[in-house]
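Trainee:
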Amino acid sequence: MKKLYIIRHAKSSWSDEKLDDFERPLNKRGKENAPMMGERLKEKGIMPDIIISSPAKRAKTTAEIISKEIGYKKKILFDENIYEASIDELRKILIAIDDKNSAAFLVGHNPSLNDLANYYVHHEENIPTCGIIEIGFECDTWSDIEPKNAKLLSFDYPKKSE
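Each residue of the sequence shown is one higher than the one before, counting from 20 in my numbering.
#1: What does a CB cutoff of less than 8 Å around Ile114 pick up in its chain, not counting 5 residues either side in sequence?
#2: So, at 8 Å on beta carbons, what are the nonlocal neighbours of Glu99 in its own chain, with the 5 sequence-adjacent residues on each side left out?
#3: Quick check: the segment 46-54 against the segment 62-72, are at least 3 beta-carbon pairs closer than 8 Å?
#4: What did DSSP end up calling Ser162 once you bin it into helix, strand or coil?
#5: Helix, strand or coil, according to DSSP, for Ser86 in the structure here?
#6: Chain C beta carbons: is any one of them nearer than 9 Å to that of Lys111?
#7: Of the choices Glu58, Leu109, Thr148, whose alpha-carbon is the least far from that of Tyr139?
#8: Roughly how many angstroms lie between the CA atoms of Glu62 and Lys93, to the nearest whole one?
#9: Measure the Cβ-Cβ separation of His142 and Pro166 and say whether it is below 9 Å.
#10: Return helix, strand or coil for Lys22, following the three-state DSSP convention.
#11: In angstroms with no decimal places, state the Cα-to-Cα distance between Ile84 and Asn168.
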């Protein structure tokens, strides 16, 4: 089985209108939510074999905070293709994952993450900032992940506990 965790970046700041979208940092709420969601993953015993993130500042920071919270010791892979990606671009990234990796975190942006989740498991609900969708695939290779062997295992987000 392959497990994919689709993670939308935490809440970002819009306070500096001159700042390029790629460089927008997390805001106060984002800096609080990212470690909280990392802690929830840790409590569930979730540890990825690989983390792939958009290099945009808000996604990169989210990936770094969550990886620290769960005790992930490997290097995070940053892929520029995740920023403003289409479903096909995201799928290419996923099917290229080495098959020795059973669980992967993909940290990125909407609307592409929503589109990806909807493609695999018909999850039409919006993924809020710092939301995490866990999808299990009944297959042995990343090149075989398809909607027909996908199952939504969990959907968590910061306000779910409120």
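Glycine included, C-beta positions come from ideal geometry on N, C-alpha and C.
Mentor: Taking the coordinates as given:
#1: Result list for Ile114: Trp161, Ser162, Ile164, in chain order.
#2: Ser73, Pro74
#3: no
#4: helix
#5: DSSP, reduced to helix, strand and coil, places Ser86 within a helical segment of the structure shown.
#6: Chain labels in this structure do not include chain C; a single protein chain is all it has.
#7: Leu109
#8: 20 Å
#9: no
#10: strand
#11: Ile84 and Asn168 have their C-alpha atoms spaced approximately 31 Å apart.
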